[in-house]
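So in my numbering, spot 14 of the sequence shown is number 521, and the numbers just go up one at a time. Virtual Cβ for every residue (Gly too), placed ideally from N, Cα, C.
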Amino acid sequence: MTAPYEVRAAGGIVWRVGDGGAPEVLLVHRPKYDDWTIPKGKAERGEADSACALREVEEETGLRCELGAHAGDVEYEDREGRRKIVRYWEMRPLDGAFRPHREVDEVRWVSVPDAVRLVSYERDVPVLEAFAARHEG
C-alpha cells in the first residue's frame, strides 16, 4: 500500500506573551527561498511527528521548546511536485538562543496579525488564524 503522503514534515507555532499581553509568534527567514514561514522540517524515517516538530524547531531557531496542543495540519504539493503534509504543534520556549545559520538567517517575534501579513505562503495563514482564535482574550 502506498503512503498517502510522499513527504511528512512537522513544525511549531512557537509563541510567547508579548509586552501588550497578546501572543507573539516566531517566524523564520530562509535565505535559500527568501521566504518567511513557520519553523518546520521533514521527518526522519521512523520519527514521530511530534518529535520531528521539536527537533526541527530547535534546529531552525536554536530554541528548545515544550510541546503544547496540536495546532493543525497543512497539505500541499511541494516544489518537486510531491504530496506533503506538515503537522504543527503549539510550543513554548524553554531555553536556547537563535544564531544565524545556512538554513535560517533571521527570526522575528511578531503579533499574529503581523505574522499573517509577513508569511510568504497563504497555506500558513489558517494555522496562524486558528492559533489566534484559541488564544483570544
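request  = Would you mind stating whether Ala516 and Lys539 have Cβ atoms separated by less than 8 Å?
outcome  = The residue labelled residue 516 in the question sits at position 9 within the sequence shown. The residue labelled residue 539 in the question sits at position 32 within the sequence shown. Not closer than 8 Å, so no.
request  = Pull up the distance between the alpha-carbon of Arg609 and that of Thr568, whole angstroms please.
outcome  = Stepping through the sequence shown from its first residue, residue 609 is reached at position 102. Stepping through the sequence shown from its first residue, residue 568 is reached at position 61. Each residue's alpha carbon lies about 12 Å from the other.
ask   = What's the call for Leu570, buried or exposed, on a 16-neighbour Cβ count within 10 Å?
value = Locating residue 570 in the sequence shown gives position 63, counting from the first residue. With 16 or more other Cβ atoms within 10 Å, it is buried.
Residue span of the beta strand (DSSP E) that contains Pro600, given as start and end = Numbered from its first residue, the sequence shown carries residue 600 at position 93. 590 to 603 is the span of the beta strand (DSSP E), which, as asked, contains Pro600.
task = Return helix, strand or coil for Ala560, following the three-state DSSP convention.
result = One-based indexing of the sequence shown puts residue 560 at position 53. Residue state, collapsed to three classes: helix.
query = So, using beta-carbon positions, are Met598 and Val535 closer together than 8 Å?
reply = Working through the sequence shown from its first residue, we reach residue 598 at position 91. Working through the sequence shown from its first residue, we reach residue 535 at position 28. No. Outside cutoff.
Where Glu629 falls: helix, strand or coil (DSSP) = As a working mapping, residue 629 is identified with position 122 in the sequence shown. Correct three-state label for Glu629: helix.
query = What are the residues that DSSP puts in a beta bridge with Ile545?
reply = Taking the sequence shown and counting its residues from 1, one reaches residue 545 at position 38. Note: Ile545 sits in no beta bridge, so no partner.
query = Can you tell which of Val514, Val532, Glu636 has the C-alpha that lies nearest to the C-alpha of Glu554?
reply = In the sequence shown, the residue the question calls residue 554 occupies position 47. Considering only alpha carbons, the answer is Val514.
ask   = In chain order, what residues of the same chain have a beta carbon less than 6 Å from the beta carbon of Cys559, not counting five sequence neighbours either side?
value = In the sequence shown, the residue the question calls residue 559 occupies position 52. The residues are Ala517, Ala550.
message = Please report the distance separating the alpha-carbon of Tyr628 from that of Glu582.
response = On the sequence shown, residue 628 is found 121 positions in, with the first residue counted as 1. On the sequence shown, residue 582 is found 75 positions in, with the first residue counted as 1. Rounded to the nearest angstrom, the two C-alpha atoms are 12 Å apart.
query = Who are the Cβ neighbours of Asp612 in its own chain at under 7 Å, not counting the five residues just before and after it?
reply = Position 105 of the sequence shown, counting from 1, holds the residue named residue 612. Only His536, Pro538 meet the Cβ criterion.
query = Rounded to a whole number of angstroms, what is the C-alpha to C-alpha distance between Asp602 and Gly525?
reply = Along the sequence shown, one-based indexing puts residue 602 at 95. Along the sequence shown, one-based indexing puts residue 525 at 18. Approximately 17 Å between the Cα atoms of the pair.
ask   = Asp621 by DSSP, collapsed to three states: which one?
value = To locate residue 621, count along the sequence shown from 1; it is residue 114. Helix, per DSSP.
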